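Novice: Plus 1082 on top of the position in the sequence shown (first one is 1) and you've got my numbering. My structure is below; once you've seen it, I'll send some questions.
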Amino acid sequence: MKTRADLFALLDAHGIAHATLDHPAVFRVGEGDEIKAALPGGHSKNLFLKDAKGQLWLISALGETVIDLKTLHHVIGSARLSFGNAALMEETLGVTPGSVTAFGLINDGDHRVRFVLDAALARADPVNFHPLTNTATTAVSQDGLRRFLAAVGVEPLIVDFAAMRVVEG
């Protein structure tokens, strides 16, 4: 599995500027508000999900975005969704609960995980994610996020959670 150092090396190799703030562990949205206040841009919440047919999903959204998991499967074309277990999360994204991040896609070389990006987070600049550990936050520009996704071969499905519909990228 790739580490924080590997992530930063990939960002550097693709000319993606990034800034990281180390901080005490943050496990849930709502924790670390003082940390977020010191960092501009969109702060993410990330959900690792599995649908009833076994497809894995990673949702990255603004921290304040409301996500209705009971109806989301209709929007993204999945079977019913539930949270993926910690072992599967570590196997596919190389992270543990509390550290889920879009940057975990660096570890999904087999592309087992489909990525859903909140339309509101897709408009934020910069965007903030854990760098594979919840003891730091890394900011990249929106362009940098898109270049990271391209570098790991991931095309996001962009969803407007307020309207509960897929939007064009």
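C-beta atoms are modelled at their ideal positions from N, C-alpha and C, and glycine is treated no differently. Just so we're clear, the structure is a prediction, and the values are computed from it rather than from any experiment.
Of the residues 1180, 1231, 1093, 1219, which one's Cα is nearest the Cα of residue 1195?
Specialist: Measuring from the Cα of residue 1195, the nearest candidate turns out to be 1231.
Novice: Looking only at C-alpha atoms, which of 1144, 1137, 1138 sits nearest to residue 1208?
Specialist: Nearest C-alpha to residue 1208: 1144.
Novice: Specify, as a first and last residue, the run of the alpha helix (DSSP H) that residue 1229 falls within.
Specialist: Start and end: 1224-1233.
Novice: Under the rule that 16 or more other beta-carbon atoms within 10 Å means buried, what is residue 1153, buried or exposed?
Specialist: The residue is exposed, with fewer than 16 neighbouring Cβ atoms inside 10 Å.
Novice: Kindly indicate the opening and closing residues of the alpha helix (DSSP H) around residue 1090.
Specialist: Start and end: 1086-1095.
Novice: Alpha carbon to alpha carbon, how far is residue 1132 from residue 1104? Give it in angstroms, no decimals.
Specialist: Between residue 1104 and residue 1132, the C-alpha separation is close to 30 Å.
Novice: Using three-state DSSP, classify residue 1149 as helix, strand or coil.
Specialist: Correct three-state label for residue 1149: coil.
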